[in-house]
Amino acid sequence: IEWRPRKRTKRVGRSPSTWTDEIVSTAGSHWMRKAEDRVLWMALGKAYAQQWADKGR
Numbered sequence: 001i002e003w004r005p006r007k008r009t010k011r012v013g014r015s016p017s018t019w020t021d022e023i024v025s026t027a028g029s030h031w032m033r034k035a036e037d038r039v040l041w042m043a044l045g046k047a048y049a050q051q052w053a054d055k056g057r
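Each residue of the sequence shown is one higher than the one before, starting from 1 at the first, in UniProt numbering.
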């Protein structure tokens with residue numbers, strides 16, 4: 001068996017944010033518990049959409 005190093009290198013800089021990072025920034029760290037409350041989760045969804053629209057993405 002012969003070891004061959006990969007030719008790829010790791011990207012420099014900060015790793016890209018994930019969808020959970022965006023949810024945590026809107027709903028907080030206990031977002032899974034909040035998701036169980038349908039009314040609250042719908043309100044958080046609207047708040048997230050508004051926040052996204054305000055940023056001009």
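Backbone N, C-alpha and C define an ideal beta-carbon position, used for all residues, glycine too.
None of the values given here were measured: they were computed from a predicted structure.
Within 10 Å of its beta-carbon, does residue i have 16 or more other beta-carbons around it, so buried, or fewer, so exposed?
i	result
Glu-43	It is Ala, not Glu, that sits at residue 43 in the sequence shown. Answer is exposed; the Cβ neighbour count stays below 16.
From what residue to what residue does the alpha helix (DSSP H) around residue i run?
i	result
Ser-25	19-27
Val-39	38-55
Lys-34	31-35
Looking only at its chain, what residues have a beta carbon closer than 7 Å to the beta carbon of residue i, apart from the 5 residues adjacent to it on each side?
i	result
Ala-27	Lys-34 and Leu-44
> Taking contact to mean at least 3 C-beta pairs separated by less than 8 Å, is the segment 43-52 in contact with the segment 12-29?
Replying inline: Flag = yes, the segment 43-52 and the segment 12-29 touch.
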